[in-house]
Structures are given as C-alpha cells and as structure tokens.
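Sequential numbering from 3 applies to the sequence shown in my numbering.
Glycine included, every Cβ here is placed at the ideal spot set by N, Cα and C.
What follows is a short report on a single structure.
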Amino acid sequence: MASDLEYDHWLCVECNPNIINFCEQPFEIKQMINQKRYASIPDMWILYADGTEEIREVKYERDRMNEKVQRQIKIQQTYCKEKG
3 MASDLEYDHW LCVECNPNII NFCEQPFEIK QMINQKRYAS IPDMWILYAD
53 GTEEIREVKY ERDRMNEKVQ RQIKIQQTYC KEKG
C-alpha cells in the first residue's frame with residue numbers, strides 16, 4: 003500500500019460485512035486522451051454481497067485537484083460508464 007490513507011481504507015473494507023471480495027490495484031485501464039495514451043490503476047476493486055461492483059481511487063483531499071489525480075479519476079469514470 004502506498005499511503006496511510008490507503009491502509010486505513012483497506013481496514014474499513016476488510017471490516018465491512020457487506021463486502022464479500024476485494025482486490026488492491028486490480029487492473030490497468032488504458033485510455034487515449036487528446037491523442038495521448040494514459041493508464042490508470044484503481045486502488046481497489048470491491049464486490050458487495052448484493053452483486054454490486056465498485057472501483058475506488060483513494061486520495062487525500064489536498065491532492066484531489068492535482069492534474070494527474072484528475073486524469074486518473076476521469077479515466078476510471080469513463081471506464082465505469084463504458085462497463086455499466
């Protein structure tokens with residue numbers, strides 16, 4: 003894990019009885035933005051007991067407006083919209 007925040011997040015996920023499976027840094031998402039190839043690896047994939055899936059990017063509030071973080075979030079949001 004890359005940060006204390008990610009560790010704290012992992013503890014919350016591990017202790018949540020509604021989460022039946024999860025994986026840290028589960029896969030790489032590749033995407034073209036303005037004719038340039040970018041990649042993003044979500045911090046976690048989560049499967050809930052009701053079958054709902056979720057990917058999460060865990061960042062400190064102070065880092066949310068960072069250009070790289072914004073790009074990661076955009077890539078992951080686009081991926082989720084495409085996958086349904």
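Check whether the Cβ atoms of residue i and residue j lie closer than 8 Å to each other.
i	j	result
F24	I48	yes
D45	Q27	yes
Could you spell out where the alpha helix (DSSP H) holding residue i opens and where it closes?
i	result
E16	D6 to C17
E26	Looking at the DSSP string, E26 is not in any alpha helix (DSSP H); the run it does join, the beta strand (DSSP E), is I21 to E26.
Q72	E69 to K85
In the DSSP assignment, the beta strand (DSSP E) including residue i goes from what residue to what residue?
i	result
E55	E55 to R58
I48	M46 to Y50
Residue i and residue j look like a contact to me (Cβ under 8 Å); what is the Cβ gap, rounded to whole Å?
i	j	result
L7	Y62	6 Å
S42	Q79	No, S42 and Q79 are not in contact; Cβ-Cβ is about 10 Å, not under 8 Å.
V15	I21	6 Å
I77	Y50	Contact doesn't hold; Cβ gap of about 23 Å is too wide.
Indicate whether at least one CB of chain D lies closer than 8 Å to the CB of residue i.
i	result
N18	You won't find chain D in this structure, because it holds only one protein chain.
Identify whether residue i lies in helix, strand or coil by the three-state DSSP scheme.
i	result
R64	helix
I2	An answer regarding residue 2 cannot be provided, because it is not within the stretch 3 to 86 covered by the chain.
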